[in-house]
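Participant:
Protein chains: 2
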Amino acid sequence: MISTDLIKGSLKTIVLKLLKENGRMYGYEITRKVEELTAGQIKLTYGALYPILHKLEYEGVLVTESENYNNRIRVYYSLTDKGESVVAEKVKEMRQFIESLQNIVNPQPGFNHA
Amino acid sequence: MISTDLIKGSLKTIVLKLLKENGRMYGYEITRKVEELTAGQIKLTYGALYPILHKLEYEGVLVTESENYNNRIRVYYSLTDKGESVVAEKVKEMRQFIESLQNIVNPQPGFNHA
DNA sequence: TTCATATATTTAAGTAACTTATATATTGCA
DNA sequence: TGCAATATATAAGTTACTTAAATATATGAA
């Protein structure tokens, strides 16, 4: 598992990107998918996930549909139009972030300002 | 500028990796180097940097040498032996983190579990 | 049948890595 | 003379999380 400090700020972007790729998803499904995609390196706790989803819904980024499955409630989330543009921004920002981190952990050996 | 939420947890690793690459550095120099390497995308504030350096010194990860330059004090930091192994772990963890993020922002199109 | 595990969502309380603000002091350029 | 750059330090505040506790059904193993 990667330290939670490192992962912290990226959870919202991860959730939004998964919803973009997979259409609608419910909370539990999202945590499973994150584990799968990251080979268990990133785990989304429920205490983090559900407040994020509720907040994004409140902000108009997501909408919900509640359905009954095996006598259990499932709350499906999907992106609004606003959500689509929020994801685009967030993913762009994350790509820049990754690039910046790579410049630090894999520095160009010859690159040196006098 | 990348949002501070995204950057937060990675500052310590960034500082340590820069010290590994550049030998000894002083605080102000570190903030400049981070800006340079990330094309201004990541800025280390002094309120973040100095407490990180002090804590790492206290933990025996870094040692200091204070020197006088132009009547200004410069506090140079460098890695201890312990620091060298801490950096190795932290950088390894960050590479895994980057890989996990890439699996999310650049998913394999054909990859789908039934 | 009974117990653990997986499924599924919710929210309150606590932590800590930061940001923001403030303080101090010198150099150098316009 | 006055601002920007250089250089370090720390107190106070924010907030995105973690941890913990609550609730409830389905399913397979013992």
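Chains as they are written, first to last, in the working numbering: chain A, 5 to 118; chain B, 5 to 118.
Quick reminder that beta carbons are idealized off the backbone N, C-alpha and C, glycines included.
Along the chain, where does the alpha helix (DSSP H) that runs through Ser7 (chain A) open and close?
Facilitator: Where Ser7 (chain A) is concerned, there is no enclosing alpha helix (DSSP H), given that its DSSP letter is neither H nor E.
Participant: Mind the definition here: the segment 20 to 35 of chain B touches the segment 73 to 81 of chain B only if three or more C-beta pairs lie below 8 Å; say whether that holds.
Facilitator: Yes: at least three Cβ pairs fall under 8 Å.
Participant: Listed from N- to C-terminal order along the chain, which residues in the segment 24 to 52 of chain B have their beta-carbon within a distance smaller than 8 Å of any beta-carbon of chain A?
Facilitator: Those would be Glu25, Val38, Glu40, Leu41, Thr42, Ala43, Gln45, Ile46, in chain order.
Participant: Please say whether Ile46 (chain A) and Met5 (chain A) have beta carbons closer to each other than 9 Å?
Facilitator: Yes. Within cutoff.
Participant: Can you tell me the Cα-Cα spacing of Ile102 (chain B) and Thr17 (chain A), whole angstroms?
Facilitator: Approximately 14 Å between the Cα atoms of the pair.
Participant: In the structure shown, what three-state DSSP assignment does Ile11 (chain B) receive?
Facilitator: Ile11 (chain B): helix per DSSP, three-state reduction.
Participant: Could you pull the start and end residues of the beta strand (DSSP E) that Asn72 (chain B) belongs to?
Facilitator: From DSSP, the beta strand (DSSP E) with Asn72 (chain B) extends over 66 to 73.
Participant: Any Cβ of chain A within less than 9 Å of the Cβ of Thr8 (chain B)?
Facilitator: Closer than 9 Å to some Cβ of chain A, the Cβ of Thr8 (chain B) qualifies, so yes.
Participant: Report the neighbours of Lys86 (chain A) on chain B: residues whose CB is nearer than 8 Å to its CB, in chain order.
Facilitator: The premise fails here: Lys86 (chain A) is roughly 18 Å from chain B at the closest Cβ pair, so nothing lies under 8 Å.
Participant: Should Pro55 (chain B) be flagged as near chain A, meaning a C-beta pair shorter than 9 Å?
Facilitator: Not one chain A Cβ lies under 9 Å of Pro55 (chain B).
Participant: Please state whether the Cβ-Cβ distance between Lys94 (chain B) and Leu10 (chain B) is less than 9 Å.
Facilitator: In this structure, Leu10 (chain B) does not lie closer than 9 Å to Lys94 (chain B) by Cβ.
Participant: So is Ala118 (chain B) in contact with chain A if we call contact Cβ pairs under 9 Å?
Facilitator: Its pLDDT being 40, under 50, Ala118 (chain B) is placed unreliably by the model, and nothing is read from it.
Participant: From A:Arg78, A:Val65, A:Thr49, pick the residue whose C-alpha is nearest to that of Val90 (chain A); which is it?
Facilitator: Nearest option by C-alpha distance: A:Val65.
Participant: So is Ala50 (chain B) buried or exposed if we call it buried at 16+ other beta carbons inside 10 Å?
Facilitator: Looking at the sequence shown, residue 50 (chain B) is not Ala but Tyr. Result: exposed.
Participant: Any idea what DSSP makes of Leu48 (chain A), helix, strand or coil?
Facilitator: Correct three-state label for Leu48 (chain A): coil.
Participant: Against chain B, does Glu3 (chain A) count as a neighbour if the rule is that its beta carbon must be under 9 Å from one of theirs?
Facilitator: Lying before the first or after the last residue shown, residue 3 (chain A) is absent from chain A, which here runs from 5 to 118.
Participant: Please report the residue range of the alpha helix (DSSP H) in which Arg78 (chain A) lies.
Facilitator: Unbroken run through Arg78 (chain A) is the beta strand (DSSP E), 76 to 83; no alpha helix (DSSP H).
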